[in-house]
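To convert, take the position in the sequence shown, counting from 1, and add 2; that gives my numbering.
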Amino acid sequence: MLSAQNNLQESAKIALKSGDSQTLARFCSDKMEFGLEGAAQSMNSRKAAEQLGNFFRENPPADAAIQFQGKGKDGRKYMICNYTSRNGGGYRISFYWKEQASPLFESIDISKD
């Protein structure tokens, strides 16, 4: 199970660095929550891929790094990344998922630094 968790985190980091919304969407639960600048919505993984694609088009990646990772009081795992766009914007992107054999993101939240 640890290998699946590590694969999820590493794949997400690589996808962030390249602005690859389709790869991130493969790791999204069918029903998830997606937040952008405080406006969160429940949506399916296809819609989340569209939202991520829009974000990456408006904020092309320059760099991404995992800042924190751990397990919350609710039992969900989390990973918080710092994302820098080529247009100079800095963002905090948070991912949340349940620890299971094939982990999928249940929530992604993007906020400006």
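For every residue, glycine included, the Cβ atom is placed at its ideal position computed from N, Cα and C.
With fewer than 16 other Cβ atoms from the protein chains shown falling within 10 Å of its own Cβ, Ala103 counts as exposed. Excluding its 5 nearest sequence neighbours in each direction, Leu38 has C-beta neighbours in its own chain below 6 Å: Ile112, listed in chain order. Positions of the alpha helix (DSSP H) runs, each at least 4 residues long and wholly inside the stretch 11-47, are given as 23-28 in order along the chain. Take Gly21, set aside five residues on each side of it, and the residues of its chain with a beta-carbon closer than 7 Å to its own are Phe58, Pro62 and Pro63, in chain order. A check of alpha carbon separations from Lys75 across Lys100, Asn89 and Gln53 identifies Lys100 as the nearest. Rounded to the nearest angstrom, the gap between the Cα atoms of Ile68 and Leu18 is 10 Å. In this structure, the beta-carbon distance from Glu52 to Glu108 does not fall below 8 Å.
The secondary-structure analysis by DSSP pairs Arg94 across a beta bridge with Asn84 and Ser113.
A distance below 8 Å separates the beta carbons of Ser47 and Asp32. A straight line joining the alpha-carbon of Ile110 with that of Gly92 spans about 16 Å. Boundaries of the beta strand (DSSP E) around Gly72: Pro63 to Lys73. Lys79 counts as buried, since at least 16 other C-beta atoms from the protein chains shown sit within 10 angstroms of its C-beta.
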